[in-house]
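These protein sequence lines are chains A and B, in that order.
Numbering-wise (numbering that gives the first Met the number 0), the first sequence opens with residue 0 and increments by one.
Numbering-wise (numbering that gives the first Met the number 0), the second sequence opens with residue 0 and increments by one.
Input: a single structure, listed below in structure tokens.
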Amino acid sequence: MRPLLIRGARVVDPASGLDTKRDLLLREGKIAAIDGPGQIRAADAEVFDAKGLLVAPGLVDIHVHLREPGQAYKETIATGTAAAAAGGFSSVCAMPNTVPVNDTPEITRWMQSPERGASARVFPVGAATRGSLGEALTDYAALKDAGVVAVTDDGKPILDDGIMLETLRAAAVLDLPVIQHAEDTRLTGGCSMNAGALAFRLGLRGMSVEAESSLVERDLDLLKQVKRGHLHVAHLSAGKALDAVRAARRAGLRVTCEVTPHHFALSEERVALYDTNAKMNPPLRAESDRAAMIEGLLDGTVDAIATDHAPHAAHEKEQEFDRSPNGITGLETALGLAISILHIRHRMPLAGVLALLSSRPAEALGLKRGTLAPGSAGDVVVFDPAEKWVFRAAESRSRSKNTPFDGWELQGRVRLTVSEGKVVFRRG
Amino acid sequence: MVKIRGPSRKMQETSTPSLFRKPIHSGSAISAADFPVPEVRRILVAADALEREDPLRRAKRLAKRRVALLFYESSTRTRTSFELAAKALGADTTLVSSLSSSIEKGESLKDTGITLKALGAECIILRSPFAGAPCLLAQATGLPVLNAGDGMAEHPSQALLDLRTILQLRGIRAAAVSEKCLRGFTLTICGDVLHSRVARSNALLLPKLGAKVIFCGPEELLPEPAAAMGPGIAIERDFETALRQSQIVMVLRIQAERLAGLKVDLDEYRRRYQANAERIAACAPKAPILHPGPIIRGMEITSEVADGPQSAIAAQVANGVPIRMALVARALKGGRR
Chain A
0 MRPLLIRGAR
10 VVDPASGLDT
20 KRDLLLREGK
30 IAAIDGPGQI
40 RAADAEVFDA
50 KGLLVAPGLV
60 DIHVHLREPG
70 QAYKETIATG
80 TAAAAAGGFS
90 SVCAMPNTVP
100 VNDTPEITRW
110 MQSPERGASA
120 RVFPVGAATR
130 GSLGEALTDY
140 AALKDAGVVA
150 VTDDGKPILD
160 DGIMLETLRA
170 AAVLDLPVIQ
180 HAEDTRLTGG
190 CSMNAGALAF
200 RLGLRGMSVE
210 AESSLVERDL
220 DLLKQVKRGH
230 LHVAHLSAGK
240 ALDAVRAARR
250 AGLRVTCEVT
260 PHHFALSEER
270 VALYDTNAKM
280 NPPLRAESDR
290 AAMIEGLLDG
300 TVDAIATDHA
310 PHAAHEKEQE
320 FDRSPNGITG
330 LETALGLAIS
340 ILHIRHRMPL
350 AGVLALLSSR
360 PAEALGLKRG
370 TLAPGSAGDV
380 VVFDPAEKWV
390 FRAAESRSRS
400 KNTPFDGWEL
410 QGRVRLTVSE
420 GKVVFRRG
Chain B
0 MVKIRGPSRK
10 MQETSTPSLF
20 RKPIHSGSAI
30 SAADFPVPEV
40 RRILVAADAL
50 EREDPLRRAK
60 RLAKRRVALL
70 FYESSTRTRT
80 SFELAAKALG
90 ADTTLVSSLS
100 SSIEKGESLK
110 DTGITLKALG
120 AECIILRSPF
130 AGAPCLLAQA
140 TGLPVLNAGD
150 GMAEHPSQAL
160 LDLRTILQLR
170 GIRAAAVSEK
180 CLRGFTLTIC
190 GDVLHSRVAR
200 SNALLLPKLG
210 AKVIFCGPEE
220 LLPEPAAAMG
230 PGIAIERDFE
240 TALRQSQIVM
250 VLRIQAERLA
260 GLKVDLDEYR
270 RRYQANAERI
280 AACAPKAPIL
290 HPGPIIRGME
300 ITSEVADGPQ
310 SAIAAQVANG
320 VPIRMALVAR
330 ALKGGRR
């Protein structure tokens, strides 16, 4: 792999607080040097002229569904990570709800094997219980040895208090975060959107915000009983649940959380005429909840923007609303949405936005990523923070096109993505 | 040396927009909310004219045009009246029901729609257990779709025929339909509002003409957000209080098939919400009683009331054919395609 010298860019490294003109050298998969313009000598390096562009740590998405093994018709690790790379992500955390469920070291290793052809580093998240059935814990030590960075039963939340407590304890011993998709599924049977007047008018059964917040509150109660336990709340959507996290954090609990771009960009109105590209779980919420997510992102309560990238084939989404599977793709629109909404509309400093997409998610799950410090992984994104562009679902690298953002004009466009020193995406 | 092109690279147009962004044919009738008041008036005027018209002349209007009835749920009134309506206009109709078609083999709504269109259907009348199915079918086929009931969502032709019944009972001519024609008028809809598409369509339609709609029922069958689904809607938990304010009463059946685990104490329900002779005589002695059917006698309504002098249930059913003639004619207007 030839060294790569990125020259003339504005370099923003949220982890170190750096925001100035710098040159950056990547060599042997690592950040080799970072220095003033023209200071780095590397005659053997390929030179990327990044004048007028912004260089940041390669983005980190801690919540994606790559669908492999088992559902390659929706996505493969190769196509999913190609979409990640196009969106500026150098690393992704792959959820275990594959077929079969990733509950073994073998599957974990299989997912990380070079034969998968990944364009971004894949950090598998292991199933917290065997088959994600919520009954018996998987072997966390063996999973961690194989490369798992956290455990979760994601779409099948752990409802049983005893099992959840056991999970938090066993994970704490190994310093693994436990990720919970906070939904009391006993309250959401047959539900397909947010509860409220709109769901009533549309004749759809609604998921209450309490179904989310009550499980977050339960988990936080359990967390209090676990020394060094770490709970990570996936894709928060309800202000009430976010408030619970905020209070617990103040009380000193080790809890982190993420919000998806769609939960800060859209509200339940987007369901409109039963558009299944607005169907996901947790559902799009009321405008007040969307505002609460923005507030949580701005005030630092939220640790990460994570996409919950959930590809589905057209024939699965082109169904009656209740029959359609949950989820949307999100890897290629996350940066543009974050810049357009958080930076442009809500005046969040660019460094703060980038922290939510790199250093802070990496920190939340203990990944040694999301920094440009010399010696760290050679993960870099180069983008034009001013470029306005129109996202076209048909041009997506993902195998699936289920996105509500088709045709959206976004600001901030990726030019180059580097993962572990290797150029994995280049526009133009 | 890596080359970078300028940011001026031209955007490519998408070739395949999402199905959900495709247009819905303007001849469709999917939601009662879609009809502006002048459109409601036109439909009612057309229903009158078609009803009066000589049957032989009427049968030439849509002679040999093809109308498909696609029914994923059982139906007596709606299916029969839509079929009679289409046939009265001269159209050929074909019925596809879920139990005798490839739907049983797993064919999707989209593919079923495309198949019917390929067979020459120019309009599809759809009943589905899924809310929103008519939107999907309209977007997938580009055909006018008449919603004959979609899940708990809507039943717009029923709301229109209920409106026609109400106007007849009030002595209001179709041509006089306006934003104010039902001002000061209150309709109580009592029963399983939660699962009722009829309640929703009526509540979206009648307030447009100035009427007030009172939803009445217990919390488990009538959640609070129902009142916020549109303007002109209020909730009253006490049936007798609601009856005293109402000029017309509509009673709904408890939809056992949609309860989804919900427990309702039926004795308690009867005690508080049954439309029985005593209660009606005491609280609404002059109000006509409507029921969209099917009726479960002895449950939400007693035989004395259903068959009594205040019952307008048969008139309601009879209004099905003229309203549906107007809707089918509207869907296929503009002559042969």
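In this text, a Cβ means the ideal position worked out from N, Cα and C, and glycines have one as well.
Excluding five sequence positions before and after A392 of chain A, the CB atoms of its chain that fall closer than 7 Å to its own CB belong to K400, T402, D405, given in chain order. Using beta-carbon distances, F320 of chain A counts as an interface residue toward chain B, with a partner under 7 Å. Chain B places no beta carbon closer than 7 Å to that of R253 of chain A, leaving this residue out of the contacts. Interface with chain A (7 Å Cβ-Cβ cutoff): C134 of chain B is included.
Our two residues, P156 of chain A and V59 of chain A, have alpha carbons roughly 24 Å apart in a direct line.
Contact with chain B is found for D274 of chain A, since one of that chain's Cβ atoms lies less than 7 Å from the residue's Cβ.
Between T259 of chain A and S323 of chain A, the C-beta spacing is not below 7 Å. W388 of chain A: member of the beta strand (DSSP E) spanning 379-389, first to last residue.
Contacts between K109 of chain B and chain A, judged by CB atoms closer than 7 Å, involve E317 in chain order. For A225 of chain B, the chain A residues whose Cβ falls inside 7 Å of its Cβ are F199, in order along the chain.
Chain B places no beta carbon closer than 7 Å to that of A309 of chain A, leaving this residue out of the contacts.
Setting aside the 5 residues that flank it on each side, I188 of chain B is surrounded in the same chain by A198, F214, M249, each with a C-beta closer than 6 Å to its C-beta; the list follows chain order. Runs of the alpha helix (DSSP H) spanning 4 or more residues and lying entirely within the segment 77-162 of chain B occur at 108-117, 132-140, in chain order.
Here Q224 of chain A is exposed: its Cβ has fewer than 16 other Cβ atoms, across all protein chains shown, within 10 Å. The three-state reading of DSSP puts D405 of chain A in coil, since its state is none of H, G, I, E or B. Taking a contact as a CB-CB distance under 8 Å, the pair W388 of chain A and L356 of chain A does not count as one, their CB atoms being some 18 Å apart. Contact between E153 of chain B and V66 of chain B is absent: CB atoms are separated by about 20 Å, not below the 8 Å threshold.
Remark: fewer than three beta-carbon pairs, one from each stretch, lie closer than 8 Å, so the segment 51-64 of chain B and the segment 165-177 of chain B are not flagged as touching.
Boundaries of the beta strand (DSSP E) harbouring F70 of chain B: 65-70, taken from the DSSP string. Straight-line spacing of the CA atoms in A44 of chain A and I33 of chain A works out to 14 Å.
Taking 7 Å as the threshold, the shortest C-beta distance from A196 of chain A to chain B falls below it. One alpha carbon belongs to R6 of chain A, the other to Q38 of chain A, and they sit about 10 Å apart. DSSP places F34 of chain B in the coil class of the three-state scheme, outside both helix and strand. When DSSP reads this structure, N193 of chain A sits in a beta bridge with A:M206. Note on geometry: alpha-carbon atoms of A247 of chain A and L219 of chain A lie some 7 Å from one another. Two segments are said to touch when three or more pairs of C-beta atoms, one from each, lie closer than 8 Å; by this definition the segment 67-79 of chain B touches the segment 116-130 of chain B.
Counting along the chain, no beta strand (DSSP E) covers S195 of chain B, and no H or E run does either.
Residue environment analysis places H345 of chain A among the exposed positions, since fewer than 16 neighbouring C-beta atoms fall within 10 angstroms of its C-beta.
By the C-beta criterion, the segment 125-133 of chain A is judged not to be in contact with the segment 76-86 of chain A, since fewer than 3 inter-stretch pairs fall below 8 Å. Considering only A:T137, A:T306, A:G251, A:L272, the residue with the shortest C-alpha distance to H262 of chain A is A:T306.
Linking S191 of chain A to D22 of chain A through their CA atoms gives a straight-line distance of about 49 Å. Of all residues in the segment 139-159 of chain B, the ones placed with a Cβ closer than 9 Å to any Cβ belonging to chain A are A139, D149, G150, M151, A152, E153, in chain order. Our two residues, V192 of chain B and L251 of chain B, have alpha carbons roughly 7 Å apart in a direct line.
In the three-state reduction of the DSSP assignment, S418 of chain A falls in the strand class. The residues V66, T92, V327, in chain order, have a CB closer than 6 Å to that of A85 of chain B in the same chain once the five nearest residues on each side in sequence are set aside. Taking 8 Å as the Cβ-Cβ cut-off, the segment 164-196 of chain A approaches chain B at G188, G189, A194, G195, A196, given in chain order.
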